[in-house]
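S.K.: One structure follows; several queries about it will come next.
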Amino acid sequence: MLPDELILASVNEQYPCRELQIRQLSTLYNHAFPSPPSLVVHGSEATGKTSVVKAILEANKLPFAFVNSRECITGRHLLERTIAACLDALDASSDELIDRTPYVRCESISALSVHLQRLLEDHERLVLVFDAIDKQREAPPTLLPAMARFGEIIPNLSVIFIVALPRPRFLHTAGTPHLHFPPYSRDQSISILSTSPLPIFLEPIAEDIDYTEEEAEEDSAWLWTRYCAAIWDSIAKGAARDLVSFRGVCEKLWRPFVQPIIDGKFGTRDFSRLLIANRTLLQGEDALLESIVPKTVGGNQKLARVTHDLPYYSKYLLCAAYLASFNPPRQDQLYFMKNTERKRKKKGGAAGRAAKHRKIPRHLLNPSAFPLDRLLAILHAILPHDLPPTADIFTQIATLSSLRLLLRTGAAGGDVLDAGCKWRVNFGWEYVSALGRNVQLEMADYLASGGD
Amino acid sequence: MEHQKCYIYTPPTESEPPAKKRKVNESGLQASWRLREKTFQELWGQQEKRIQTVLDNANQTTLTSISNFVAKAAEQTEGSSKIPIGLIVAGPSIASHGTFFSQLSDRIVGESRTCFVSISSSECPNLKTLLSTLIKKATARRSLDEDDEGLITTSSRKGPRLLSYDLQLLYDYVQETGKVAVVIAFQDSEAFDGFLISEVASVLSAWKDRVPFVLLFGIGTSVENFHDKLPRSTLRNLQGEQFDVVQAEEILEKVFWTTVCDEDTSLRLGPSLAQMLLEAQKDHLQSVEAFVEAVKYAFMSHFFANPVSVFLYADLEFSEINEDHIEAIRRLPSFRKLAEELLAKNQPKELRSLLEDDGALFDFAVASITSGQQELVRMIQGIQVVDLIRSCISKTNRVSRSTLYVKAASGELHGSASLRELLLSVKKSPSDVLSNMLDVLIDSGIPNLPEAWVQIQEDLESLAGSTEKTLRSEHDIRNETLRTTVVAQKVELSKQKSTLSKNDSAYSKLLATFQSTLEAFFEECFARVGDMFLSEVLMYDVRGPHRATFAPKTRFAVERALSAPHDYLGCECCKSSSKGGEEDGLSSTQPPTAILYQLYLESGTLINVHDLWNAFHAIVAEDDEDDQSKSMALFQRALAELKYLGLIKASRKKTDHIAKLTWKGL
Numbered sequence: 001m002l003p004d005e006l007i008l009a010s011v012n013e014q015y016p017c018r019e020l021q022i023r024q025l026s027t028l029y030n031h032a033f034p035s036p037p038s039l040v041v042h043g044s045e046a047t048g049k050t051s052v053v054k055a056i057l058e059a060n061k062l063p064f065a066f067v068n069s070r071e072c073i074t075g076r077h078l079l080e081r082t083i084a085a086c087l088d089a090l091d092a093s094s095d096e097l098i099d100r101t102p103y104v105r106c107e108s109i110s111a112l113s114v115h116l117q118r119l120l121e122d123h124e125r126l127v128l129v130f131d132a133i134d135k136q137r138e139a140p141p142t143l144l145p146a147m148a149r150f151g152e153i154i155p156n157l158s159v160i161f162i163v164a165l166p167r168p169r170f171l172h173t174a175g176t177p178h179l180h181f182p183p184y185s186r187d188q189s190i191s192i193l194s195t196s197p198l199p200i201f202l203e204p205i206a207e208d209i210d211y212t213e214e215e216a217e218e219d220s221a222w223l224w225t226r227y228c229a230a231i232w233d234s235i236a237k238g239a240a241r242d243l244v245s246f247r248g249v250c251e252k253l254w255r256p257f258v259q260p261i262i263d264g265k266f267g268t269r270d271f272s273r274l275l276i277a278n279r280t281l282l283q284g285e286d287a288l289l290e291s292i293v294p295k296t297v298g299g300n301q302k303l304a305r306v307t308h309d310l311p312y313y314s315k316y317l318l319c320a321a322y323l324a325s326f327n328p329p330r331q332d333q334l335y336f337m338k339n340t341e342r343k344r345k346k347k348g349g350a351a352g353r354a355a356k357h358r359k360i361p362r363h364l365l366n367p368s369a370f371p372l373d374r375l376l377a378i379l380h381a382i383l384p385h386d387l388p389p390t391a392d393i394f395t396q397i398a399t400l401s402s403l404r405l406l407l408r409t410g411a412a413g414g415d416v417l418d419a420g421c422k423w424r425v426n427f428g429w430e431y432v433s434a435l436g437r438n439v440q441l442e443m444a445d446y447l448a449s450g451g452d
Numbered sequence: 001m002e003h004q005k006c007y008i009y010t011p012p013t014e015s016e017p018p019a020k021k022r023k024v025n026e027s028g029l030q031a032s033w034r035l036r037e038k039t040f041q042e043l044w045g046q047q048e049k050r051i052q053t054v055l056d057n058a059n060q061t062t063l064t065s066i067s068n069f070v071a072k073a074a075e076q077t078e079g080s081s082k083i084p085i086g087l088i089v090a091g092p093s094i095a096s097h098g099t100f101f102s103q104l105s106d107r108i109v110g111e112s113r114t115c116f117v118s119i120s121s122s123e124c125p126n127l128k129t130l131l132s133t134l135i136k137k138a139t140a141r142r143s144l145d146e147d148d149e150g151l152i153t154t155s156s157r158k159g160p161r162l163l164s165y166d167l168q169l170l171y172d173y174v175q176e177t178g179k180v181a182v183v184i185a186f187q188d189s190e191a192f193d194g195f196l197i198s199e200v201a202s203v204l205s206a207w208k209d210r211v212p213f214v215l216l217f218g219i220g221t222s223v224e225n226f227h228d229k230l231p232r233s234t235l236r237n238l239q240g241e242q243f244d245v246v247q248a249e250e251i252l253e254k255v256f257w258t259t260v261c262d263e264d265t266s267l268r269l270g271p272s273l274a275q276m277l278l279e280a281q282k283d284h285l286q287s288v289e290a291f292v293e294a295v296k297y298a299f300m301s302h303f304f305a306n307p308v309s310v311f312l313y314a315d316l317e318f319s320e321i322n323e324d325h326i327e328a329i330r331r332l333p334s335f336r337k338l339a340e341e342l343l344a345k346n347q348p349k350e351l352r353s354l355l356e357d358d359g360a361l362f363d364f365a366v367a368s369i370t371s372g373q374q375e376l377v378r379m380i381q382g383i384q385v386v387d388l389i390r391s392c393i394s395k396t397n398r399v400s401r402s403t404l405y406v407k408a409a410s411g412e413l414h415g416s417a418s419l420r421e422l423l424l425s426v427k428k429s430p431s432d433v434l435s436n437m438l439d440v441l442i443d444s445g446i447p448n449l450p451e452a453w454v455q456i457q458e459d460l461e462s463l464a465g466s467t468e469k470t471l472r473s474e475h476d477i478r479n480e481t482l483r484t485t486v487v488a489q490k491v492e493l494s495k496q497k498s499t500l501s502k503n504d505s506a507y508s509k510l511l512a513t514f515q516s517t518l519e520a521f522f523e524e525c526f527a528r529v530g531d532m533f534l535s536e537v538l539m540y541d542v543r544g545p546h547r548a549t550f551a552p553k554t555r556f557a558v559e560r561a562l563s564a565p566h567d568y569l570g571c572e573c574c575k576s577s578s579k580g581g582e583e584d585g586l587s588s589t590q591p592p593t594a595i596l597y598q599l600y601l602e603s604g605t606l607i608n609v610h611d612l613w614n615a616f617h618a619i620v621a622e623d624d625e626d627d628q629s630k631s632m633a634l635f636q637r638a639l640a641e642l643k644y645l646g647l648i649k650a651s652r653k654k655t656d657h658i659a660k661l662t663w664k665g666l
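And the structure:
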């Protein structure tokens with residue numbers, strides 16, 4: 001007996017390009033047949049796994065409990081939420097309410113198993129869906145194999161695991177059916193996006209112009225489809241293949257792309273001319289860079305921002321800290337002693353002789369830790385004038401460490417006052433050389449590797 | 001009652017002050033301290049109120065834009081899967097973040113039905129505690145109804161109990177109270193681990209469809225730093241705006257100006273102290289709160305330590321002070337200066353009466369306090385005028401009012417190069433600049449401006465009305481042409497004034513009047529400030545106490561105490577040794593820790609403990625060689641103390657050695 005074609009058609013319309021998966025799921029989960037005890041649904045990000053599973057279960061009117069692992073902080077939390085979701089699902093499917101007192105707590109996976117058995121004694125069936133179960137935080141190692149056996153222990157329960165990438169035998173059972181959701185192809189992606197075109201004109205069209213709303217909509221749809229194809233071929237094919245980021249890129253670039261039409265330079269159907277006029281948009285990578293504060297793509301307008309400057313001595317402290325992190329301590333005499341002539345000789349004529357050991361340049365490695373006294377000593381050496389050792393300097397060190405520009409290494413709860421406590425910088429060469437120039441200090445003069 | 005294990009405490013019924021209270025000797029100069037304290041309370045009360053108003057108003061625009069953002073985000077919450085996030089760039093002075101966020105909290109909670117939670121890094125080491133703190137703060141739930149496993153019993157829910165970090169609790173709360181947004185503020189975003197923030201963002205975005213979250217991050221360094229911390233998948237879930245808090249320097253400038261500008265201000269910061277405080281702000285820590293504290297400290301030490309300050313008390317009677325105060329005035333440097341002036345003016349009689357007649361001096365002092373006050377107010381007005389004119393003449397680079405104040409109060413501004421330059425550029429300015437300048441000056445509401453200016457403004461208007469061109473002054477460089485003549489194979493350059501039109505010459509005349517009145521005005525404002533009688537009372541200009549209080553040399557003090565204990569102990573026994581031989585400050589009478597520290601200073605990075613002990617024993621032991629036990633005990637205690645101070649630690653490199661950890665003088 002085949003699944004109800006009517007249901008299939010409606011789900012298919014909602015989620016295009018997933019016919020095969022919808023048909024398979026609908027065959028497995030309907031009222032007529034018993035469902036498999038467990039099923040693994042897998043596929044990469046944004047391939048419609050969760051939505052399709054949910055839609056099929058809803059359409060077939062099966063009672064189901066849905067647990068999203070992203071919301072669960074610990075393994076225990078997942079168990080508690082699971083039992084709560086099951087109770088809610090069963091309450092919703094039948095008229096009478098279940099007495100919840102026996103299910104007050106659920107400490108372990110065994111407790112969950114007992115609860116589920118008791119719960120499903122007088123219910124026909126229940127589908128339990130674990131979404132993104134492979135992303136569960138603090139999951140005990142036995143969690144997945146145990147859950148996979150729920151379906152075997154409890155006859156009227158079937159479990160669906162939604163994962164991104166199933167490792168081989170991650171459930172420790174044989175014969176669990178897998179359902180793969182492949183990523184959308186080029187044509188599929190474009191056809192999905194073209195179902196929801198963005199409008200060209202944001203403002204309602206003035207009455208006196210001979211151009212109706214319907215025409216505008218039609219033009220938008222026409223242009224949007226071609227535009228999406230162009231975006232896919234130029235940008236998204238390489239860097240934004242999944243549907244969500246593809247849509248993101250398309251939406252980001254749409255406004256600057258159609259701006260010439262709004263300005264009246266091109267007509268709505270001049271796609272090829274529009275494409276040539278806007279080719280810089282498609283060549284750049286700006287749209288791919290994620291940023292919290294949305295940047296205007298295309299135009300490089302720069303707003304005058306208020307800059308918050310560090311105090312004078314804080315800058316010097318950071319420079320000194322960088323030097324302390326990236327200069328070897330045994331060379332300190334060479335670089336910072338004021339009474340000795342700098343004896344460093346450039347290795348003249350050593351061009352033909354290659355170094356025996358190729359060493360990684362110091363500035364490419366991690367910053368090394370230094371004690372506080374070395375920092376203070378270097379600070380005194382690089383300052384152009386004397387600095388009285390007041391508490392202000394120590395306050396600044398504390399401030400910089402809470403800004404995470406200086407990090408304390410070693411034990412996290414260690415005592416700051418302990419003289420053995422070591423520090424490390426948490427910024428790079430570009431930042432510190434700009435700081436140094438700000439206070440007229442050429443950092444490269446003091447750096448053992450010369451700053452290149 | 002110490003013998004009883006417990007007893008009922010009955011507080012003493014009599015209201016007399018306890019016997020051990022510090023005795024204030026109420027004779028001599030101390031007699032006026034009550035009056036002085038009263039004056040302090042009054043004056044500082046007014047001052048504090050003014051400063052608070054400035055601080056409250058400083059961030060109004062930023063606060064408004066943030067609360068608008070929150071309100072907008074709360075409306076648009078449906079549909080978008082991205083969490084709205086506000087990045088508040090608040091500058092590196094962490095101390096002032098707290099005030100800003102509390103203002104923000106008041107603002108946001110006051111304006112809409114939102115719930116505001118502020119989270120700091122110290123209370124949230126991991127995701128679980130962060131979420132439970134968040135829920136606890138948001139729902140204002142007491143921690144009482146949480147059992148040992150972290151389960152919450154709520155009366156409204158039946159069935160499975162919820163864990164304390166379950167956002168379901170927050171969801172229920174939001175449903176119950178009908179909040180439109182849950183605003184979560186991370187005050188010190190730098191201190192949070194990037195991983196933790198991205199975890200929180202992922203959990204919150206999973207709940208976004210049910211609970212309307214808005215995130216606010218306080219940023220000390222830069223937005224780029226914040227970006228670098230987060231993975232791309234997290235950034236995709238966030239979308240927001242950047243807000244800039246007003247720069248600390250700007251607020252400082254405003255606060256400084258309020259402390260000096262007002263007419264009612266009786267006590268002002270002296271030039272050198274003001275200079276020191278402003279420089280400390282620039283060099284070391286930018287925090288307005290610290291500056292306000294320093295000003296308060298200045299007020300306190302002025303009134304509590306300087307008896308003459310009693311003259312600032314508003315209605316002081318001669319009978320309220322004793323002759324010691326009058327005598328104190330006679331010893332002020334400014335009185336000496338006044339005496340010399342009077343002698344130079346050949347008025348010995350007046351001087352004699354001031355010296356001999358207490359009543360006359362009192363009356364004179366009270367009068368000169370009032371007149372000195374007016375002088376200072378005039379000086380402030382002069383600074384305002386300078387600042388306004390500078391802002392009108394665009395090409396001159398701006399000097400802040402605080403710098404001007406420091407210069408003016410020390411008497412340097414009068415006749416200084418910058419003032420002359422200013423007058424010169426006024427001389428050259430064309431008519432549009434002048435009319436703008438006059439508009440600004442007359443609209444500014446500064447009292448006591450020269451009356452001639454209104455007339456000049458009217459004349460200028462009528463003059464400018466007749467032509468469309470901007471009028472140029474005769475000193476304008478555009479009215480000059482260079483003429484080169486070759487005389488006997490030498491090139492001579494000569495400046496030639498082109499002929500002025502009628503209007504231009506009329507304008508030049510107006511300008512000259514303006515310039516001369518301005519010069520006279522400056523003369524009046526700045527000339528007499530430098531050496532004013534009783535300037536010690538009107539201004540507090542002592543830097544020592546501030547240095548000792550606000551920038552103590554902690555490490556230096558410890559090092560000095562250890563290396564030269566006599567400086568602190570002042571005992572007789574060590575005196576001779578420290579005075580006599582500078583080379584060898586060691587003596588057996590010093591505390592053992594100090595002896596050991598001085599030996600420690602002489603050694604290298606690794607110290608052999610046995611050598612140290614031998615040297616120590618040689619100093620400490622007196623005659624009896626054999627009895628080592630006492631000096632050994634002293635040695636061990638001293639060594640333990642040095643270790644406690646963090647100066648040494650056991651070394652793993654060599655046995656029997658200790659490692660030196662600090663160096664003197666850093």
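If you're matching them up, the sequences are chains A and E in order.
Sequential numbering of the first sequence, starting at 1, is according to UniProt numbering.
Sequential numbering of the second sequence, starting at 1, is according to UniProt numbering.
Every residue gets a Cβ at the ideal spot worked out from N, C-alpha and C, and that includes glycine.
(1) Given this structure, state the Cα-to-Cα distance separating Thr605 of chain E from Phe326 of chain A, to the nearest angstrom.
(2) Report the three-state DSSP secondary structure of Asn608 of chain E (helix, strand or coil).
(3) Tell me the residue span of the beta strand (DSSP E) that contains Lys660 of chain E.
(4) Mind pulling the chain A residues with CB within less than 8 angstroms of Ala551 of chain E?
(5) Where does Phe550 of chain E fall in DSSP's three states?
(6) Thinking C-alpha only, which one of A:Ala84, A:Pro294, A:Asp91, A:Leu97 is nearest Tyr103 of chain A?
(7) Does any residue of chain A have a CB that is nearer than 8 angstroms to the CB of Asp209 of chain E?
(8) Going by other Cβ atoms of all chains shown within 10 Å of its Cβ, with 16 needed for buried, is Thr280 of chain A buried or exposed?
(9) What are the residues that DSSP puts in a beta bridge with Gln168 of chain E?
(10) Short of 8 angstroms in beta carbon distance, which residues of its chain neighbour Asn57 of chain E, apart from the five on each side in sequence? Order them along the chain.
(11) Counting Cβ pairs, one atom from each stretch, are 3 or more of them under 8 angstroms apart for the segment 119 to 139 of chain E and the segment 162 to 176 of chain E?
(12) In whole angstroms, give me the CA-to-CA distance for Asp219 of chain A and Arg269 of chain A.
(13) On the CB-based measure, 16 or more other CB atoms within 10 Å of its CB, does Pro388 of chain A come out buried or exposed?
(14) On the DSSP bridge assignment, give the partners of Lys490 of chain E in chain order.
(15) For Arg247 of chain A, would you say it is in contact with chain E, using Cβ-to-Cβ distances shorter than 8 angstroms as the test?
(16) Which ranges does the alpha helix (DSSP H) cover as unbroken runs of at least 4 residues, wholly within the segment 322 to 391 of chain E, from first to last along the chain?
(17) Under the assumption that Thr259 of chain E contacts Val295 of chain E (Cβ atoms under 8 angstroms), give the Cβ distance between them as a whole number of angstroms.
(18) Please name the residue, chosen from E:Leu43, E:Ser67, E:Thr99, E:Leu471, that lies closest to Ser501 of chain E on a Cα-to-Cα basis.
(19) Do Asp541 of chain E and Pro271 of chain E have their C-beta atoms closer together than 8 angstroms?
(20) Just curious, the alpha helix (DSSP H) that Thr114 of chain E is in, first and last residue?
(21) I want to see whether chain A comes within less than 8 angstroms of Glu241 of chain E, judged by CB atoms only; does it?
(22) Where does Gln598 of chain E land, buried or exposed, given buried means 16+ other C-beta within 10 angstroms?
M.R.: In brief:
(1) Translated into positions along the second sequence, residue 605 of chain E becomes position 605. Translated into positions along the first sequence, residue 326 of chain A becomes position 326. One C-alpha to the other measures close to 22 angstroms.
(2) In the second sequence, the residue the question calls residue 608 of chain E occupies position 608. Asn608 of chain E falls in the strand class under three-state DSSP.
(3) As a working note, residue 660 of chain E is residue 660 in the second sequence. Boundaries of the beta strand (DSSP E) harbouring Lys660 of chain E: 657 to 660, taken from the DSSP string.
(4) Looking up residue 551 of chain E in the second sequence gives position 551. Simply Pro388, Thr390, Ala391, Asp392.
(5) For the purposes of this step, residue 550 of chain E is identified with residue 550 of the second sequence, where counting begins at 1. In the displayed model, Phe550 of chain E falls within a helix according to three-state DSSP.
(6) Against the first sequence, residue 103 of chain A aligns to sequence position 103. Among A:Ala84, A:Pro294, A:Asp91, A:Leu97, the Cα nearest to that of Tyr103 of chain A belongs to A:Ala84.
(7) Position 209 of the second sequence, counted from the first residue, corresponds to residue 209 of chain E. Not an interface residue.
(8) Stepping through the first sequence from its first residue, residue 280 of chain A is reached at position 280. Per the 10 Å Cβ criterion, exposed.
(9) Walking along the second sequence from the start, residue 168 of chain E turns up at place 168. In the DSSP assignment, no residue is bridged to Gln168 of chain E.
(10) Working through the second sequence from its first residue, we reach residue 57 of chain E at position 57. Cβ within range, chain order: n/a, list empty.
(11) As far as the Cβ criterion goes, the segment 119 to 139 of chain E touches the segment 162 to 176 of chain E, which means the pair count is three or higher.
(12) For the purposes of this step, residue 219 of chain A is taken as the residue at position 219 of the first sequence. For the purposes of this step, residue 269 of chain A is taken as the residue at position 269 of the first sequence. In a straight line, the C-alpha of Asp219 of chain A is about 7 angstroms away from that of Arg269 of chain A.
(13) On the first sequence, position 388 is the one that residue 388 of chain A refers to. Classification for Pro388 of chain A: exposed.
(14) Within the second sequence, the letter at position 490 stands for residue 490 of chain E. According to DSSP, Lys490 of chain E bridges with E:Val487.
(15) Taking the first sequence and counting its residues from 1, one reaches residue 247 of chain A at position 247. Cβ-Cβ to chain E under 8 angstroms: no for Arg247 of chain A.
(16) You should have 323 to 330, 333 to 344, 348 to 356.
(17) Here the question's residue 259 of chain E lines up with position 259 in the second sequence. Here the question's residue 295 of chain E lines up with position 295 in the second sequence. With 8 angstroms as the limit, Thr259 of chain E and Val295 of chain E qualify as a contact, their Cβ atoms being about 6 angstroms apart.
(18) Locating residue 501 of chain E in the second sequence gives position 501, counting from the first residue. Out of E:Leu43, E:Ser67, E:Thr99, E:Leu471, E:Leu471 has the C-alpha closest to the C-alpha of Ser501 of chain E.
(19) Within the second sequence, the letter at position 541 stands for residue 541 of chain E. Within the second sequence, the letter at position 271 stands for residue 271 of chain E. Cβ distance < 8 angstroms, so Asp541 of chain E and Pro271 of chain E count as in contact.
(20) As a first step, residue 114 of chain E is located in the second sequence; it is residue number 114 there, counting from the start. Per DSSP, Thr114 of chain E belongs to no alpha helix (DSSP H); it is in the beta strand (DSSP E), 114 to 119.
(21) The residue labelled residue 241 of chain E in the question sits at position 241 within the second sequence. By this cut-off, Glu241 of chain E is an interface position.
(22) In the second sequence, the residue the question calls residue 598 of chain E occupies position 598. Under this definition Gln598 of chain E is a buried residue.
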